[in-house]
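In the UniProt record's numbering, the protein residues as written are 1 to 282.
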C-alpha cells in the first residue's frame, strides 16, 4: 500500500522559557493530527489567529523544528530520521516553503534570478549555467513569468505580486510534491492576491502539487481550500471539508472567526474573486 504524502500524528510542541523559579511553559502545538494522501493533490488549509500555533506547526512540517512528542512522516519516513546533509537536501527538494513577505525572502543587493539558479544547482544538480537557466525559465512559466522578464532585476525593481510569484517559482524549481505557504498573500496588495491564490489552484490542478496554506483569512481559505483545520491556542478545534466547515461552523471559536468576515454570503461567492478580495473586519 502506498504511504500517504504526509502524516502528522499527535504532534506536540512545548517551549520552555525562564529559570527554575520563573519557568514558563508554552504548549504551542497540542495533539495535532492530519494526513495528506499521496494520490490526491489538495489545498489543505490551517486557519488561526496570531498565537494559534499554525506557524510553529508549519516549522515542524518543514523539519526546521522538532516536535516535543508525536511524529511527522513524509512518504512514510519519520522526519527525525532525516539527519545527514544529503537526506535533508533530498527532503527539501520535495517539500518547499513560501513565506509571508516576499521582500524579506530576497536580499535587496542580490539579483532575483540568482536565487532561481541556485535552487536549480542545489536541488536538481544542474551542472551548467544553461541547464540552470532552462530550469529557472520552466519554473517561471508556471507562475506566468519568464526568465527574460526577471533576469538581472533586483527585488526593489519588482512589485510585491511579481516578487511573490518569483518566490513560488523558486519553490517549483525542484518539482516539489508539497509546498507549505505561510500567510503568502497577507503582505501584498489586495488587487494582486487573486493572482497568487489562483496560482495555488493551478499548481494543484495542473501540476499535482499539494499545498498547506496557512492563513488567518477565512475568505481566501473558503475560495481555494479542499480541507482545513482551525486552530486555537495550539489545538485543533474544528476540521473537515472546507466549505462545509466555513459555511456552518460548530465550534464557538470558528463561529467567531466567521462572524468577523463582513457580508459573508456575498463575499464568499466564487465570482467575487474575479474582481478583488472580499472585505474583512479589522
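From the three backbone atoms N, C-alpha and C, an ideal C-beta is built for every residue, glycine too.
Only a predicted model underlies this, so the values are computations on that prediction, with no experimental measurement involved.
Could you please give the first and the last residue of the uninterrupted beta strand (DSSP E) stretch that includes residue 215? 210-215
Report the CB separation of residue 214 from residue 55 in whole angstroms; it is logged as a contact under 8 Å. 7 Å
Counted within 10 angstroms of its Cβ, other Cβ atoms place residue 154 as buried (16 or more) or exposed: exposed
Would you call residue 95 buried or exposed, if buried means 16 or more other Cβ atoms sit within 10 Å of its Cβ? buried
Which value, in whole angstroms, describes the spacing of the CA atoms of residue 132 and residue 91? 20 Å
Is it the case that the Cβ atoms of residue 126 and residue 135 are separated by a distance below 8 Å? yes
Am I right that residue 5 and residue 210 are in contact with their C-beta atoms under 8 Å? What's the rounded C-beta distance? 6 Å
Of the choices 75, 9 and 88, whose alpha-carbon is the least far from that of residue 1? 75
Among the residues of its own chain, which have a CB less than 8 Å from the CB of residue 239, if the five just before and after it don't count? 34, 227, 228, 229, 230 and 245
Bounding residues of the alpha helix (DSSP H) (the contiguous stretch that carries residue 219): 218-224
Report the option in 18, 36 and 27 whose CA atom is closest to the CA atom of residue 208. 36
Kindly list the residues whose CB is nearer than 6 Å to the CB of residue 9, restricted to its own chain and excluding five residues on each side of it in sequence; keep chain order. 33, 70 and 71
In three-state terms, what does DSSP make of residue 280? At residue 280, the pLDDT of 38 sits below 50, so the modelled position is not reliable and the matter cannot be decided from this model.
Classify residue 181 as buried or exposed, calling it buried when 16 or more other Cβ atoms lie within 10 Å of its own Cβ. buried
Test item: CB-CB of residue 25 and residue 16 under 8 Å: yes
Is the CB of residue 156 under 8 Å away from at least one CB in chain B? Among the chains of the structure shown, chain B does not appear; only one protein chain is present.
Can you name the start and end residues of the alpha helix (DSSP H) that residue 202 belongs to? 190-207
Using the C-alpha atoms, what's the distance from residue 223 back to residue 243? 8 Å
Which two residues bound the contiguous alpha helix (DSSP H) that contains residue 161? 160-172
In the structure shown, what three-state DSSP assignment does residue 106 receive? coil
Close Cβ partners of residue 150 (< 7 Å) along its chain, the five nearest in sequence each way excluded: 112, 113, 140 and 166
DSSP-derived helix/strand/coil call for residue 34: strand
Measuring only the C-alpha atoms, how far is residue 83 from residue 128? 29 Å
Candidates 236, 253 and 31, of which the one nearest residue 45 by Cα: 236
Label residue 225 either buried or exposed according to how many other C-beta atoms from any shown protein chain fall within 10 Å of its C-beta, with 16 as the threshold for buried. buried
Check this for me: beta carbons of residue 49 and residue 100, under 8 Å apart or not? no
Which parts of the segment 59-131 are runs of the beta strand (DSSP E), unbroken and 3 residues or longer, counting only runs that do not cross its ends? 69-74 and 95-98
Quick one: what does DSSP say residue 157 is sitting in, helix, strand or coil? helix
Helix, strand or coil for residue 243? Go by DSSP, reduced to three states. helix
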